[in-house]
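What follows is a single structure, written as structure tokens, with notes after it.
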Amino acid sequence: MAGINDYSVDYRVTGSSGDLSGGPKTHRLYRVLADAASVLSAAGVDSARVDAELLASHVLGVPRGRLAAVDSFTPAQRQRFDQLVLARARRIPLQHLTGTAPFRHLELAVGPGVFVPRPETELLAGWGIEVAKSDKARIIVDLCSGSGAIALAVAQEVPQVRVYAVEQSPVALDWLRRNVTARAEAGEPPVTVVAGDATDPGVLAELDGQVDLVLSNPPYVPDAVPVPPEVAHDPATAVFAGPDGLAVIRPLVDRAAALLRPGGWVGIEHDDSQAAAVAELLAASGAFVDIADERDLAGRPRFATARRGPAGARPGGTAAGDHRGRLAHRDAL
Ligand SMILES: C[S@@+](CC[C@H](N)C(=O)[O-])C[C@H]1O[C@@H](n2cnc3c(N)ncnc32)[C@H](O)[C@@H]1O
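Read in order, the letters of the sequence shown are residues 1 to 333 in our numbering.
Printed below as a string of structure tokens:
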């Protein structure tokens with residue numbers, strides 16, 4: 001069976017035989033991209049053609065949608081592209097190679113030591129943005145903020161709110177501060193970065209009972225679950241959370257309950273197998289009503305939502321697995 005190095009030889013031979021002299025210019029680039037996609041596909045990369053195009057776009061400095069208008073690589077660009085394709089074939093995450101990850105309307109700086117934001121988390125951020133707008137939220141807290149994806153998306157799209165981003169990892173905090181600074185320099189509302197354990201009752205204790213919305217995409221993968229090679233490049237503390245994957249979510253539920261004002265909302269991302277367990281944790285806290293989960297387009301439960309009950313009351317929640325829509329919850333209040 002061929003190894004990565006064999007692919008690298010194949011790729012370079014094939015790539016240079018689809019050479020840069022003669023023939024239609026766009027055809028030359030097309031052949032290089034096709035060869036690169038074959039290499040990536042053989043290495044097990046799911047989105048091989050898209051990744052090849054995004055790497056070319058990165059090297060050429062043009063949007064992916066404009067690649068068809070590009071003549072070809074210069075020799076230096078071609079060398080750089082070859083290096084990146086080979087690195088991607090070693091299953092280094094695409095975003096570590098380009099240095100950025102898209103998230104809603106943002107391009108976030110990412111790299112080793114910080115979790116790469118995932119497209120599915122855009123659903124949680126979008127839900128939070130909708131709640132923040134319709135409830136005229138003033139204070140929002142993003143627990144386990146990583147690169148700042150959720151916090152910065154909310155700050156960008158709901159500029160009247162004050163957003164706090166809590167993160168524990170020193171390396172992730174460096175990336176978070178870098179992204180927060182970049183967005184503030186772009187004229188967007190500054191996000192307040194808080195270094196600390198999101199489950200610690202002392203962190204942001206001054207906001208207890210005042211927060212309108214708590215959002216979180218915490219680590220939630222059970223320790224023993226195998227992950228794809230790209231995920232192994234995320235920090236383990238960003239991905240794994242004990243034998244059942246709930247080691248962070250469990251105390252986070254109580255922290256969210258303490259931070260929220262009565263009527264405030266929480267949204268917590270989880271694995272699609274954890275919907276019932278997270279709903280039960282929210283219900284067991286006695287602090288939440290209108291507990292539900294939100295599903296993605298494929299029908300998989302992606303994040304739990306709930307509303308803080310009256311202060312001091314322990315009202316319990318609706319049954320786990322109640323999938324009523326969010327507007328239905330709010331109509332009930
Ligand atoms: C799955 S990543 C999500 C990052 C970001 N919210 C996103 O959606 O891209 C989880 C993040 O939580 C951080 N984290 C894990 N445990 C934490 C804790 N107890 N307190 C604060 N941050 C924590 C990790 O360092 C990591 O950055």
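Where is the CB? At the ideal position from N, CA and C, for every residue including glycine.
Check	Outcome
Identity of the residue in V225, A277, A36, D174 nearest D82 by Cα	A36
Cβ pair L173, A198 closer than 9 angstroms	no
Buried versus exposed, by CB contacts within 10 Å (16 or more), V9	With a pLDDT of 27 at V9, under the threshold of 50, the modelled position of that residue is not reliable, and no figure is offered here.
Residues sharing a beta bridge with N267, DSSP	The sequence shown places Gly at residue 267, not Asn. DSSP lists L215, T305 as partners of G267.
First and last residue of the uninterrupted alpha helix (DSSP H) at I139	Note, I139: premise wrong, no alpha helix (DSSP H); beta strand (DSSP E) at 139-143.
Supposed contact pair V214 and D271 - C-beta distance, whole angstroms, cut 8 angstroms	19 angstroms between Cβ atoms; not a contact.
Runs of alpha helix (DSSP H) lying entirely within the segment 125-197, each at least 4 residues, in chain order	149-157, 170-185
Cutoff 9 angstroms: A275 Cβ touching any chain B Cβ	The chain labelled as chain B is not found in the depicted structure, where only one protein chain is given.
CB of R88 within 9 angstroms of CB of A43, strictly	yes
V239: first and last residue of the uninterrupted beta strand (DSSP E) it sits in	No beta strand (DSSP E) contains V239, which is instead part of the alpha helix (DSSP H) from 236-239.
Candidates G148, D46, L60, of which the one nearest T98 by Cα	L60
Cβ-based burial, Q160 [other Cβ within 10 Å; buried from 16]	exposed
Member of D46, T121, L84, L176 whose CA lies at the smallest distance from the CA of A56	L84
D197: CB within 8 angstroms of a non-hydrogen atom of ligand 1	yes
Other residues of its chain near H96: CB distance less than 8 angstroms, five sequence neighbours each side excluded	V110, G111, P112, V116, H233
Pair within 9 angstroms by beta-carbon distance, V154 and I140	yes
Neighbourhood of V278 by C-beta, 7 angstroms cutoff - its chain only, sequence neighbours within 5 removed	I249, I268, H270, A304
Extent of the continuous beta strand (DSSP E) run through R292	Per the sequence shown, the amino acid found at residue 292 is Ala instead of Arg. Looking at the DSSP string, the run of the beta strand (DSSP E) that includes A292 is 288-295.
Assigned exposure category for G148 - 16 Cβ within 10 Å defines buried	buried
G128 burial status per 10 Å Cβ neighbour count (16 or more: buried)	buried
Distance cut-off 8 angstroms: V166 Cβ against heavy atoms of ligand 1	yes
Beta-carbon proximity list for D296, same chain, < 7 angstroms, skipping 5 on both sides	E120, L123, R302
Residue range of the beta strand (DSSP E) that includes E206	Here E206 belongs to no beta strand (DSSP E), and DSSP marks it neither H nor E.
Sequence-distant residues of the same chain with beta carbon closer than 7 angstroms to T100, five excluded per side	E107, L108, A109, V110
A258 - DSSP class collapsed to helix/strand/coil	helix
Reduced DSSP category for P117 - H, G, I as helix; E, B as strand; rest coil	coil
C-beta atoms of S169 and V114 nearer than 9 angstroms	yes
Rounded distance between the beta-carbons of D290 and S216, thought under 8 angstroms	That belief does not hold up - the Cβ atoms of S216 and D290 are roughly 18 angstroms apart, past 8 angstroms.
CB contact flag (R178, Q156, <9 angstroms)	no
Candidates R28, D51, A52: closest to A69 by CA position	R28
Limits of the beta strand (DSSP E) - the one that F103 falls within	100-103
Per DSSP, cross-strand counterpart(s) of L106	F103
Neighbour-count burial assignment, D212, 16 or more Cβ in a 10 Å radius	buried
According to DSSP, residues forming a beta bridge with V221	F240
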